[in-house]
Amino acid sequence: MALIAGIDEAGRGPCIGPLVICAYMIDEKDMGLLANIGAKDSKLLSAPKRQKMFAELQKAAKAYELIEIQPAEIDAAVESETTNLNWLEAEKAAIMLNKLNPDIAIIDCPSPNLKAYKDFIMGLLKKKTMELVIEHKAERHLPVAAASIIAKVTRDKRIEEIKKEIGENFGSGYPADPKTKEFIAKNWKAHSDVMRKSWGTYKAAAQKSLKEF
């Protein structure tokens, strides 16, 4: 039976906090466990449901890996002339796959160019016989759905930790959230370490504040 890994991320769009990527590996014979748990795209599940599944998915896994990409590293990739956020995610995916060493890896791809993304990751893999399946909306595959839930719960937990560290509730961290916007407008300098400075929301707040000053 093959070892199958699914890779997905949570927190690509927010202005605040890390982007979390998970590689979730399961033995093919245990795939029914994921179906019984009800694994699906984390965006389709309530927070309490994801929390409950998190523990069940941990038990069902052969192994899993998590990588948190912090705002400074995200900014460096976004503003780089030689790379971007898609390639940064691909590099992290390869790091996790080299650790887990599955037979098959199914990756939810952020890039519009599936072939280029696949070729890039394949070039970084130690195990050249690994079968790579690169798709958009890959959460329809159970191991990818499991990865999306683990990544989302991990990121949500980290966001709550950041709120406690800062001592302020900044909402979801997403640009469309009024609470997040207000927090960034007031704290773009004081708490810039948890913010993505390459995001338009941050830049607009900083520019407006500097003009007023």
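Residue numbers for the sequence shown, in numbering that gives the first Met the number 0: 0 to 212.
Beta carbons: idealized from backbone N, C-alpha and C, even for Gly.
Since the model is a prediction, treat every value here as computed from it, not as a measurement.
Under the three-state reduction of DSSP output, D118 falls in the helix class. Judged by DSSP in its simplified three-state form, A189 adopts coil rather than helix or strand. Looking at the backbone, the Cα of E8 and that of K28 are separated by about 25 Å. The secondary-structure analysis by DSSP pairs E134 across a beta bridge with D107. By a beta-carbon distance limit of 8 Å, L141 contacts L33. Their separation comes to about 4 Å. According to the DSSP assignment, I25 belongs to no alpha helix (DSSP H) but to the beta strand (DSSP E) extending over 18-26. Looking only at N97, N35, P13, I105, the smallest Cα-Cα distance to G122 is reached by N97.
For E67, the uninterrupted beta strand (DSSP E) run begins and ends at 62-68, by DSSP. Here M194 is bridged, per DSSP, to I15. Residue range 141-165 is occupied by the alpha helix (DSSP H) that includes L141, with no beta strand (DSSP E) assigned at that position. In this structure, the beta-carbon distance from C21 to I105 does not fall below 7 Å. If you compare the alpha carbons of A1, I3, G10 with that of S147, the shortest gap goes to G10. Here the region 71-79 makes no contact with the region 161-173; the two share fewer than three CB pairs at distances below 8 Å. Spanning the alpha carbons of T200 and A59 requires a straight line of approximately 40 Å. A straight-line Cα-Cα distance of about 7 Å links D176 and G170.
Ranked by Cα distance from A189, the first of W198, P174, S208 is S208. A straight-line Cα-Cα distance of about 29 Å links V132 and R157.
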